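Numbering (my numbering) for the sequence shown: 10 to 234. Okay, structure first, notes after.
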Amino acid sequence: MAEQMSEFARVLQAEDDVESLLAHMVKAAIDLVPGTDDASISLITGRRRVESRAPSSDLPRQVDALQTRVGQGPCLDAVFEHRTVSVPDMAHEDRWPRFAEGAMNLGAASMLAFQLYVEGDNLGAMNLYSRHTNAFNAESEEIGLLIAAHASVAFAESKKMDQMHDALASRDTIGQAKGILMERYGITGNQAFILLVRSSSNTNTKLATIAEYLTGTGELPRRSR
(Lines of atoms letter the chains of each structure in order from A; the text may use other names.)
(Lines give C-alpha, C1' and ligand atoms only; values in the text may rest on other atoms or scores of the structure.)
Protein backbone atom coordinates (compact mmCIF):
# COMPACT_ATOMS: atom_id res chain seq x y z
CA MET A 10 0.00 0.00 0.00
CA ALA A 11 2.86 2.42 0.79
CA GLU A 12 4.23 1.93 -2.73
CA GLN A 13 0.79 2.51 -4.27
CA MET A 14 0.27 5.70 -2.26
CA SER A 15 3.71 6.96 -3.28
CA GLU A 16 2.88 6.33 -6.92
CA PHE A 17 -0.44 8.12 -6.49
CA ALA A 18 1.34 11.14 -4.99
CA ARG A 19 3.83 11.19 -7.89
CA VAL A 20 1.01 11.05 -10.45
CA LEU A 21 -0.78 13.96 -8.78
CA GLN A 22 2.40 16.01 -8.59
CA ALA A 23 3.03 15.57 -12.31
CA GLU A 24 -0.55 16.45 -13.32
CA ASP A 25 -1.35 20.07 -14.20
CA ASP A 26 -4.86 19.63 -15.65
CA VAL A 27 -7.70 19.88 -13.12
CA GLU A 28 -10.04 17.41 -14.83
CA SER A 29 -7.26 14.81 -15.15
CA LEU A 30 -6.35 15.41 -11.51
CA LEU A 31 -9.93 14.73 -10.41
CA ALA A 32 -10.07 11.60 -12.56
CA HIS A 33 -6.88 10.30 -10.91
CA MET A 34 -8.37 10.95 -7.47
CA VAL A 35 -11.51 8.97 -8.32
CA LYS A 36 -9.53 6.09 -9.85
CA ALA A 37 -7.24 5.86 -6.81
CA ALA A 38 -10.21 5.76 -4.46
CA ILE A 39 -11.84 2.91 -6.39
CA ASP A 40 -8.58 0.98 -6.75
CA LEU A 41 -7.22 1.45 -3.23
CA VAL A 42 -10.06 1.91 -0.75
CA PRO A 43 -11.61 -1.42 0.32
CA GLY A 44 -15.33 -1.67 -0.40
CA THR A 45 -15.49 1.10 -3.01
CA ASP A 46 -17.53 0.45 -6.15
CA ASP A 47 -17.77 4.03 -7.41
CA ALA A 48 -16.55 7.50 -6.54
CA SER A 49 -16.94 11.17 -7.35
CA ILE A 50 -15.65 14.57 -6.26
CA SER A 51 -17.80 17.40 -4.90
CA LEU A 52 -16.22 20.82 -5.48
CA ILE A 53 -17.23 24.08 -3.86
CA THR A 54 -18.13 26.54 -6.65
CA GLY A 55 -19.72 29.31 -4.59
CA ARG A 56 -21.31 30.12 -1.27
CA ARG A 57 -22.96 26.86 -0.17
CA ARG A 58 -22.85 25.71 -3.79
CA VAL A 59 -21.35 22.33 -4.69
CA GLU A 60 -20.74 20.77 -8.09
CA SER A 61 -20.28 17.03 -8.77
CA ARG A 62 -17.20 16.25 -10.87
CA ALA A 63 -15.55 13.15 -12.33
CA PRO A 64 -18.28 10.63 -11.37
CA SER A 65 -17.15 7.09 -12.16
CA SER A 66 -20.63 5.94 -13.25
CA ASP A 67 -24.31 6.87 -13.25
CA LEU A 68 -24.60 5.90 -9.58
CA PRO A 69 -22.52 8.76 -8.13
CA ARG A 70 -23.79 11.12 -10.82
CA GLN A 71 -27.42 10.47 -9.84
CA VAL A 72 -26.81 10.38 -6.08
CA ASP A 73 -24.82 13.62 -6.21
CA ALA A 74 -27.64 15.24 -8.19
CA LEU A 75 -30.13 14.01 -5.58
CA GLN A 76 -28.12 15.61 -2.77
CA THR A 77 -28.04 18.91 -4.63
CA ARG A 78 -31.77 18.74 -5.28
CA VAL A 79 -32.84 17.98 -1.69
CA GLY A 80 -30.06 20.02 -0.07
CA GLN A 81 -28.86 17.30 2.29
CA GLY A 82 -26.66 14.22 2.37
CA PRO A 83 -23.27 12.83 3.44
CA CYS A 84 -21.27 14.60 0.74
CA LEU A 85 -22.67 18.00 1.71
CA ASP A 86 -22.01 17.30 5.38
CA ALA A 87 -18.43 16.30 4.54
CA VAL A 88 -17.94 19.48 2.54
CA PHE A 89 -19.31 21.94 5.08
CA GLU A 90 -19.41 20.29 8.51
CA HIS A 91 -17.33 17.13 9.08
CA ARG A 92 -14.04 15.82 7.77
CA THR A 93 -15.36 12.27 7.38
CA VAL A 94 -18.96 11.06 7.06
CA SER A 95 -19.82 7.35 7.07
CA VAL A 96 -23.10 5.73 6.01
CA PRO A 97 -22.90 1.99 6.82
CA ASP A 98 -26.46 1.12 5.78
CA MET A 99 -28.53 3.56 3.74
CA ALA A 100 -31.75 1.64 4.53
CA HIS A 101 -31.39 2.54 8.22
CA GLU A 102 -30.06 6.08 7.77
CA ASP A 103 -32.08 8.82 9.51
CA ARG A 104 -29.77 11.85 9.37
CA TRP A 105 -31.02 12.90 5.94
CA PRO A 106 -34.57 11.55 5.51
CA ARG A 107 -35.21 13.27 2.17
CA PHE A 108 -31.96 11.90 0.78
CA ALA A 109 -31.59 8.38 2.18
CA GLU A 110 -34.60 6.72 0.57
CA GLY A 111 -33.81 8.14 -2.85
CA ALA A 112 -30.13 7.16 -2.61
CA MET A 113 -31.06 3.62 -1.59
CA ASN A 114 -33.46 3.35 -4.54
CA LEU A 115 -30.67 4.48 -6.86
CA GLY A 116 -28.43 1.68 -5.60
CA ALA A 117 -26.21 3.35 -2.99
CA ALA A 118 -26.30 0.92 -0.06
CA SER A 119 -23.41 2.53 1.83
CA MET A 120 -21.24 5.62 1.45
CA LEU A 121 -18.09 7.23 2.78
CA ALA A 122 -17.27 10.92 2.24
CA PHE A 123 -14.03 12.77 3.06
CA GLN A 124 -13.60 16.53 3.24
CA LEU A 125 -10.94 17.91 0.89
CA TYR A 126 -9.19 20.81 2.59
CA VAL A 127 -5.88 22.51 3.16
CA GLU A 128 -5.13 25.08 5.84
CA GLY A 129 -7.62 27.90 5.47
CA ASP A 130 -9.21 26.54 2.30
CA ASN A 131 -12.14 24.11 2.14
CA LEU A 132 -12.15 22.62 -1.37
CA GLY A 133 -14.94 20.03 -1.38
CA ALA A 134 -15.28 16.31 -0.72
CA MET A 135 -14.28 12.91 -2.08
CA ASN A 136 -17.29 10.62 -2.16
CA LEU A 137 -17.15 6.81 -2.14
CA TYR A 138 -20.10 4.55 -2.97
CA SER A 139 -20.88 0.88 -2.54
CA ARG A 140 -23.83 -1.20 -3.69
CA HIS A 141 -23.43 -3.33 -0.54
CA THR A 142 -24.28 -2.50 3.06
CA ASN A 143 -21.45 -2.17 5.60
CA ALA A 144 -18.95 -2.13 2.75
CA PHE A 145 -16.47 0.21 4.44
CA ASN A 146 -14.34 -0.52 7.50
CA ALA A 147 -11.60 1.15 9.53
CA GLU A 148 -9.03 0.39 6.82
CA SER A 149 -11.29 2.06 4.26
CA GLU A 150 -11.39 5.23 6.35
CA GLU A 151 -7.64 5.20 6.96
CA ILE A 152 -6.73 4.80 3.28
CA GLY A 153 -9.45 7.22 2.21
CA LEU A 154 -8.06 9.88 4.53
CA LEU A 155 -4.58 9.42 3.04
CA ILE A 156 -5.89 9.76 -0.51
CA ALA A 157 -7.95 12.81 0.47
CA ALA A 158 -4.93 14.45 2.12
CA HIS A 159 -2.67 13.94 -0.93
CA ALA A 160 -5.46 14.99 -3.28
CA SER A 161 -6.27 18.15 -1.30
CA VAL A 162 -2.71 19.45 -1.52
CA ALA A 163 -2.41 18.63 -5.22
CA PHE A 164 -5.78 20.17 -6.07
CA ALA A 165 -5.06 23.33 -4.07
CA GLU A 166 -1.78 23.78 -5.94
CA SER A 167 -3.55 23.17 -9.26
CA LYS A 168 -6.13 25.84 -8.40
CA LYS A 169 -3.37 28.33 -7.61
CA MET A 170 -1.68 27.63 -10.95
CA ASP A 171 -4.97 28.07 -12.82
CA GLN A 172 -5.59 31.37 -11.04
CA MET A 173 -2.08 32.53 -11.87
CA HIS A 174 -2.49 31.61 -15.54
CA ASP A 175 -5.84 33.41 -15.67
CA ALA A 176 -4.35 36.49 -14.05
CA LEU A 177 -1.45 36.56 -16.50
CA ALA A 178 -3.78 36.07 -19.46
CA SER A 179 -6.04 38.89 -18.24
CA ARG A 180 -3.06 41.19 -17.75
CA ASP A 181 -1.85 40.49 -21.30
CA THR A 182 -5.31 41.13 -22.75
CA ILE A 183 -5.70 44.39 -20.82
CA GLY A 184 -2.27 45.45 -22.08
CA GLN A 185 -3.32 44.75 -25.68
CA ALA A 186 -6.56 46.68 -25.19
CA LYS A 187 -4.68 49.66 -23.78
CA GLY A 188 -2.37 49.57 -26.79
CA ILE A 189 -5.33 49.69 -29.18
CA LEU A 190 -6.80 52.75 -27.43
CA MET A 191 -3.43 54.50 -27.16
CA GLU A 192 -2.78 54.14 -30.87
CA ARG A 193 -6.34 55.04 -31.89
CA TYR A 194 -6.71 58.17 -29.76
CA GLY A 195 -3.10 59.21 -29.23
CA ILE A 196 -3.42 58.94 -25.45
CA THR A 197 -1.20 57.66 -22.64
CA GLY A 198 -1.37 54.25 -21.05
CA ASN A 199 -3.01 55.67 -17.92
CA GLN A 200 -5.65 57.46 -20.00
CA ALA A 201 -6.34 54.26 -21.96
CA PHE A 202 -6.74 52.35 -18.72
CA ILE A 203 -9.22 54.96 -17.44
CA LEU A 204 -11.30 54.47 -20.61
CA LEU A 205 -11.37 50.72 -20.00
CA VAL A 206 -12.38 51.19 -16.36
CA ARG A 207 -15.10 53.66 -17.37
CA SER A 208 -16.47 51.22 -19.94
CA SER A 209 -16.39 48.46 -17.32
CA SER A 210 -18.37 50.63 -14.90
CA ASN A 211 -20.87 51.85 -17.51
CA THR A 212 -21.67 48.35 -18.74
CA ASN A 213 -21.36 46.58 -15.38
CA THR A 214 -18.83 44.20 -16.96
CA LYS A 215 -15.52 42.89 -15.63
CA LEU A 216 -12.48 44.80 -16.82
CA ALA A 217 -10.89 41.67 -18.31
CA THR A 218 -14.09 41.00 -20.29
CA ILE A 219 -14.09 44.57 -21.64
CA ALA A 220 -10.47 44.15 -22.73
CA GLU A 221 -11.22 40.82 -24.38
CA TYR A 222 -14.18 42.35 -26.26
CA LEU A 223 -12.07 45.26 -27.47
CA THR A 224 -9.19 43.10 -28.68
CA GLY A 225 -11.65 40.78 -30.43
CA THR A 226 -13.91 43.38 -32.09
CA GLY A 227 -11.84 46.54 -32.16
CA GLU A 228 -14.59 48.40 -30.30
CA LEU A 229 -15.59 49.09 -26.73
CA PRO A 230 -19.00 47.63 -25.81
CA ARG A 231 -21.86 50.09 -25.82
CA ARG A 232 -23.48 51.14 -22.58
CA SER A 233 -26.57 49.05 -21.89
CA ARG A 234 -29.86 50.91 -21.54
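In this text, a Cβ means the ideal position worked out from N, Cα and C, and glycines have one as well. Just so you know, these numbers come straight off a predicted model, no measurement behind them.
In this structure, does DSSP put residue i in helix, strand or coil?
i: Q124; result: strand
i: L205; result: helix
i: I196; result: coil
i: M10; result: coil
i: D73; result: helix
i: E24; result: coil
i: V59; result: strand
i: G225; result: helix
i: N143; result: coil
i: N136; result: strand
i: A48; result: strand
i: N213; result: coil
i: V35; result: helix
i: P43; result: coil
i: D86; result: helix
i: P106; result: helix
i: Q81; result: coil
i: D160; result: According to the sequence displayed, residue 160 carries Ala and not Asp. Here A160 sits in helix by DSSP.
i: A117; result: coil
i: R231; result: coil
What distance in whole Å lies between the Cβ atoms of residue j and residue i, which are believed to be in contact at a cut-off of 8 Å?
i: T133; j: I50; result: Going by the sequence as given, residue 133 is Gly instead of Thr. Confirmed, Cβ separation roughly 6 Å.
i: T182; j: E221; result: 5 Å
i: P230; j: S210; result: No, P230 and S210 are not in contact; Cβ-Cβ is about 12 Å, not under 8 Å.
Residues bridged to residue i by DSSP?
i: T93; result: F123
i: L68; result: Partner(s): none; L68 has no beta bridge.
i: R180; result: None; R180 has no bridge partner.
i: D130; result: V127
i: I242; result: Since the displayed the chain opens at 10 and closes at 234, residue 242 lies outside it and no answer follows.
Mind checking whether residue i and residue j have CB atoms under 8 Å apart?
i: A37; j: I203; result: no
i: T142; j: A118; result: yes
i: D73; j: S61; result: yes
i: A122; j: N131; result: no
i: A201; j: K215; result: no
i: Q71; j: C84; result: no
i: L30; j: L41; result: no
i: H91; j: Q124; result: yes
i: V88; j: R107; result: no
i: A109; j: A63; result: no
i: L205; j: I196; result: no
i: Y126; j: P69; result: no
i: Q185; j: T218; result: no
i: S161; j: P43; result: no
i: V35; j: A48; result: yes
i: D86; j: V94; result: yes
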